[in-house]
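Below: one structure, written as structure tokens.
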Amino acid sequence: MNKEEKNIRAFLAIEPPAAILDAVGTLQEKLKKEIAGKVNWTKAQGNHLTLKFFGNISQNDVKNICAAAEKQIALIPPLSLKIEKTGCFPGGKNPRVLWLGVTGDTEKLAALQARLEEGFENIGFAREGRNFRPHLTLGRIKDPRQAKGAGEALRKYEDYCAGAFICNEMFLFQSRLNPQGAIYTKLEKFSFHC
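Under our numbering, the final residue of the sequence shown carries the number 195; numbering is consecutive throughout.
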């Protein structure tokens, strides 16, 4: 029996509007001037709010994921979200990931993400081991010992607001990695119930 090839690197995410992504880019430019050391900055226009990372999947997996996602999102009304407040993972003393947080209908967003996790678990995808923390990644620090100024910069911009939007759709993305960074392609769109 020929096993289906798992060559589609995929994730499910919400894509903020272009104006918010522009504001994310503005913040990144400010942070680049204040944080010394090796930071891999994300491309602002490719930024997204990840709900589930699947890894490498097959064409058949895409169909199953789409069916499960459609079932969970069908009765969800649009969400009011705001992209604001800087932070880092795992913590301020040893920052590895710099991010902008999400506020607004976060309880409803977390409930949706939990239902999606359950639906995806039912079709063979393990649940995420960490708690869901909605955010947009600004950059990843390779060596926190050499990244100077990260804590101060995050405190300086802790109240930064990139903007608010009504979230009424999410996407299944394919991610292709190359030396210049990831290239994202939308495989499927899921609309919230209006």
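We put the beta carbon where it would ideally sit given N, CA and C, even for glycine.
Bounding residues of the beta strand (DSSP E) (the contiguous stretch that carries residue i)
| i | result |
| --- | --- |
| L110 | Per DSSP, L110 belongs to no beta strand (DSSP E); it is in the alpha helix (DSSP H), 107 to 122. |
| I15 | 9 to 15 |
Whole-angstrom distance between residue j and residue i, CA atom to CA atom
| i | j | result |
| --- | --- | --- |
| I36 | D23 | 20 Å |
| L32 | A154 | 6 Å |
| T104 | Q147 | 31 Å |
| I15 | K149 | 32 Å |
| I167 | S81 | 5 Å |
| S176 | A151 | 28 Å |
| F5 | A69 | Reading off the sequence shown, one finds Glu at residue 5, where the question assumed Phe. Answer to the nearest angstrom: the Cα atoms are 20 Å apart. |
| V25 | W100 | 10 Å |
| K157 | N95 | 18 Å |
| P18 | K7 | 31 Å |
| N3 | F126 | Annotation note: pLDDT 48 at N3 (below 50); position unreliable, coordinate value reported separately. If you take the alpha carbons of N3 and F126, they lie about 21 Å apart. |
| A112 | E122 | 15 Å |
| D106 | A165 | 11 Å |
Nearest-angstrom beta carbon gap, residue j and residue i [assumed within contact, 8 Å]
| i | j | result |
| --- | --- | --- |
| R128 | G56 | Not really, about 14 Å apart at Cβ, beyond 8 Å. |
| L13 | A163 | Not quite, the Cβ-Cβ distance comes to about 21 Å (not below 8 Å), so this is no contact. |
| L199 | P78 | Since the first and last residues shown for the chain are 2 and 195, residue 199 lies out of range. |
| I124 | I84 | Not quite, the Cβ-Cβ distance comes to about 30 Å (not below 8 Å), so this is no contact. |
| F193 | E159 | The Cβ separation is near 30 Å, so there is no contact. |
| K190 | F172 | 6 Å |
Proximity test, Cβ basis, 8 Å: residue i and chain C
| i | result |
| --- | --- |
| V103 | Absent here is chain C; the protein component of the structure consists of one chain. |
Task: Uninterrupted beta strand (DSSP E) stretches inside the region 125 to 185 (no shorter than 3 residues) - done: 136 to 142, 162 to 168, 170 to 179
Open item on the list: For a minimum of 4 consecutive residues, which ranges assigned as the alpha helix (DSSP H) are wholly contained in the region 20 to 81?
Closed with: The region 20 to 81 contains, as complete alpha helix (DSSP H) runs of 4+ residues, the segments 60 to 74 (chain order).
Task: the region 136 to 153 touching the region 34 to 53, judged by at least three CB pairs closer than 8 Å - done: yes
TODO: Decide if the region 64 to 77 is in contact with the region 42 to 49; the criterion is three or more beta carbon pairs, one per stretch, under 8 Å apart.
DONE: Judged by pairs of C-beta atoms under 8 Å, the region 64 to 77 does not touch the region 42 to 49, as fewer than three such pairs exist.
Task: Three or more C-beta pairs below 8 Å linking the region 89 to 103 and the region 59 to 70 - done: Not touching, per the Cβ criterion.
- [ ] Mind the definition here: the region 172 to 188 touches the region 110 to 118 only if three or more C-beta pairs lie below 8 Å; say whether that holds.
- [x] No, the region 172 to 188 does not touch the region 110 to 118.
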